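Asker:
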Amino acid sequence: MAGQEKLVRSAGGIGLATQASRILGYIRDMLIASHFGTGIYASAFFAAFRIPNLFRRLLGEGALSASFIPVFTDYLHKRSRKEAWSLALSVFNFLLLILVGITLLGIFGAPFIARVIVPGFAPDKVELTTKLLRLLFPYLLFIGIAALAMSILHSFKHFTLPAVAPIALNLAMIISLIFFVKSQSPRGIQILALSVLIGGFCQLLIQVPILRKKGMPIRIRPSFRHPGVKKIVLLMGPAALGLAVYQINIVVDTIFGSYESIVGKGAIAALYYGNRLMQLPLAIFGIAMATAIFPTMAGLVSRGKIDELKETLVFALGMAFFLIIPSSVGLMVLGKPIVSLLFERNAFGGGSAQATVTALSYYSLGLFAYAGVQIISRAFYSLQDTKTPVKVACLTMLINIVLNLILMRPLRLGGLALATSLSAGFNFFFLLYLLDRKIGGIKSKKILSSLGRIILTSLFMGFVSYLAVKALGREAETVSLVMKFLQVFVPILAGVVTLIIVSFFFKFEEAKLLRGLIFRKRGKE
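Here the numbering used here is used: the first residue of the sequence shown is 3, the next is one more, and so on.
In structure tokens, the structure reads:
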């Protein structure tokens with residue numbers, strides 16, 4: 003129980019830092035929406051930004067942490083700290099070489115990349131996307147090294163600062179949007195792209211002092227031939243696709259979203275805004291839990307404690323579902339007032355709002371699966387099995403493409419978001435089945451039972467929130483800012499109170515643990 007509480011506290015620290023970063027991220031997105039709406043400049047920027055973000059997931063945060071943390075942790079536990087740091091610096095040299103190469107290829111190959119990711123765009127829109135790609139690709143260099151720093155700090159179970167670092171990116175973009183960017187202009191969107199580079203550099207710089215405090219040497223001579231580097235690279239290849247499947251599916255959605263004659267104008271921007279709103283509960287509850295649990299699972303496997311690994315996995319999934327499924331229902335019920343409150347002003351009109359609500363609703367259906375995949379993937383990687391998740395990831399991508407082709411005509415942009423959610427559901431349940439076959443005894447029935455119980459509770463909570471929305475009356479776009487806030491806050495409050503009452507009435511284990519942690523913290527204060 004003490005270990006579980008420590009996990010929740012670690013996840014809570016990450017969640018709070020992530021929440022602060024996300025709030026700034028939404029302020030950034032509100033400003034982008036106000037300046038550019040879902041028009042040509044917003045669509046081109048979001049399409050161009052997808053590619054550096056994809057490579058960031060392939061070579062940075064996801065795959066690197068999945069392969070680096072188990073090996074680096076093993077060096078810390080079984081060898082000397084000096085050897086561990088020698089490994090880290092050798093990985094830095096190797097990663098830097100790869101990132102520089104990809105950045106140069108991206109800059110010079112931008113015209114080709116633009117034609118691939120936005121094949122449905124008009125020529126002028128493709129040209130703008132090309133210019134933005136060239137400006138944004140160097141961001142990969144900074145964020146990739148920042149991801150290595152984050153992985154090192156996570157191995158030392160230092161979670162908060164890496165979670166805080168992304169704030170630098172959001173602040174840089176917010177400052178540029180407030181002081182330097184002019185609405186609906188090519189120069190304005192290019193200035194926004196340059197602010198991304200500044201933010202990425204600051205995100206790396208913030209972590210350096212803590213690395214020095216953790217003992218990072220500057221005189222060890224790193225080597226590409228370090229045996230640990232080879233091991234990490236072998237693990238990292240498959241892990242890149244395994245953890246990046248969600249991002250790749252979003253890029254696939256971008257490709258299909260460029261066919262605006264089928265899915266509607268501004269589809270790429272609307273999908274981005276809807277996805278961003280869905281990301282908040284995923285980051286706070288799903289990714290935070292997966293990030294906090296990974297070093298623990300890697301340590302348990304290193305010490306041969308497989309039974310404890312199973313218990314930890316079941317606990318993490320149950321806690322993530324308890325928090326994220328109500329969030330999913332809440333986003334579907336309150337999508338319209340939330341989008342109106344955050345985005346609907348200036349260049350972002352009623353049409354943009356409706357398209358974003360549609361994307362958000364369909365994306366939210368897959369929230370539990372996105373979170374579950376994050377956690378189960380970490381279990382496979384802690385077992386140093388990267389092949390299984392990547393095979394499932396490839397199959398999932400094919401399913402997503404087929405579903406896009408089937409659903410995009412009848413449901414337009416909503417079909418693209420729904421296809422992503424359905425493919426994520428397949429990814430989660432198939433990975434759970436394969437993990438159960440691999441190590442056995444992970445209590446899949448208990449996980450599914452918990453999932454069903456939480457879904458029913460969340461639906462009741464959603465019904466109460468819906469009644470609160472109806473009780474407040476008028477459409478969100480026709481009322482004042484204060485009323486828009488109340489149309490979001492009051493239904494959320496009603497839903498949270500309902501969830502708490504029902505959870506304690508039916509004695510949910512997750513609710514008991516959360517209550518114990520809250521009251522224990524208050525007692526210490």
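Just so you know, even glycine gets a beta-carbon here, dropped at the ideal spot from N, CA and C.
Just so you know, these numbers come straight off a predicted model, no measurement behind them.
Specify, as a first and last residue, the run of the alpha helix (DSSP H) that H156 falls within.
Answerer: H156 -> alpha helix (DSSP H) spans 141-157.
Asker: What would DSSP say about S260, mapped onto helix, strand or coil?
Answerer: Reduced to three states, the DSSP call for S260 is coil.
Asker: Cutting at 7 Å between CB atoms, please list the residues of its own chain near T398, excluding the five before and the five after it.
Answerer: Excluding positions up to five away in sequence, the list reads V247, S425, F428, N429.
Asker: Is it buried or exposed for L450, if we count other Cβ within 10 angstroms and need 16 for buried?
Answerer: Label assigned to L450: exposed.
Asker: Pull up the distance between the alpha-carbon of G337 and that of L91, whole angstroms please.
Answerer: Going from the Cα of G337 to the Cα of L91 covers about 46 Å.
Asker: F38 to A269, Cα distance in whole Å?
Answerer: Near 14 Å, if we compare the C-alpha coordinates of A269 and F38.
Asker: Go ahead and pull the three-state DSSP assignment for S184.
Answerer: This sequence places Lys at residue 184; Ser is not what is there. Of the three classes helix, strand and coil, the one that applies to K184 here is coil, per DSSP.
Asker: For L453, which option in L302, A373, R59, M32 has the closest C-alpha, if you only look at C-alpha atoms?
Answerer: Checking every option, the nearest Cα to that of L453 belongs to A373.
Asker: Which of the three DSSP states, helix, strand or coil, is assigned to E527?
Answerer: Per-residue confidence for E527 stands at a pLDDT of 46, beneath the threshold of 50, marking its modelled position as unreliable; no derived number is given.
Asker: Is it buried or exposed, I295, if we count other Cβ atoms within 10 angstroms and call 16 or more buried?
Answerer: Buried.
Asker: Taking a contact to mean a Cβ-Cβ separation below 8 Å, would you say S185 touches S197 in this structure?
Answerer: No.
Asker: Under 7 Å Cβ to Cβ from F139, same chain only, skipping five residues before and after it: list those, please.
Answerer: Here the set comprises P54, T105, G108, I109.
Asker: According to DSSP, simplified to helix, strand and coil, what is G374?
Answerer: Looking at G374 - three-state DSSP - the assignment turns out to be helix.
Asker: Check whether the Cβ atoms of L66 and A149 lie closer than 8 Å to each other.
Answerer: In contact: L66 and A149 (Cβ atoms closer than 8 Å).
Asker: Could you tell me the alpha carbon to alpha carbon distance between G525 and M463, rounded to whole angstroms?
Answerer: For G525, the predicted structure reports a pLDDT of 47, less than 50, and the residue's modelled location is therefore unreliable. A value from the coordinates is still provided. Spanning the two alpha carbons is a distance of roughly 30 Å.
Asker: Going straight from the alpha carbon of E527 to that of E310, what length do you get?
Answerer: Below a pLDDT of 50, predicted positions are generally treated as unreliable, and E527, at 46, falls in that range; the measurement from the model is reported next regardless. Roughly 31 Å between the two C-alpha positions.
Asker: Leaving out five residues before and five after N402 in sequence, what residues of the same chain have Cβ atoms less than 7 Å from its Cβ?
Answerer: Once the five neighbours on either side are set aside, the close Cβ partners of N402 are N251, V254, A421, T422, S425.
Asker: Under 8 Å, do I457 and I327 count as touching if we go by C-beta distance?
Answerer: It is a contact, given that the beta carbons lie within the stated cut-off.
Asker: Taking all protein chains shown into account, decide if A124 is buried (16 or more other Cβ within 10 angstroms of its Cβ) or exposed.
Answerer: Result: exposed.
Asker: Would the segment 339-351 count as touching the segment 480-498 if we require 3 or more Cβ pairs under 8 Å?
Answerer: The segment 339-351 is in contact with the segment 480-498.
Asker: Work out the CA separation of I378 and L284 for me, nearest whole Å.
Answerer: Distance between the alpha carbons of L284 and I378: 15 Å.
Asker: In three-state DSSP terms, what is V198?
Answerer: Residue state, collapsed to three classes: helix.
Asker: For the putative contact between V120 and V128, defined by C-beta atoms under 8 Å, what is the C-beta separation to the nearest angstrom?
Answerer: About 6 Å; that satisfies the 8 Å criterion.
Asker: Count the C-beta pairs between the segment 432-441 and the segment 298-306 that are closer than 8 Å, then say yes if the count reaches three, no if not.
Answerer: No: the two stretches stay apart, fewer than three of their Cβ pairs being nearer than 8 Å.
Asker: Should I100 go down as buried or exposed, given a rule of 16 or more other Cβ atoms within 10 Å for buried?
Answerer: Per the 10 Å Cβ criterion, exposed.
Asker: In three-state DSSP terms, what is L236?
Answerer: L236 falls in the helix class under three-state DSSP.
Asker: Return helix, strand or coil for N402, following the three-state DSSP convention.
Answerer: Correct three-state label for N402: helix.
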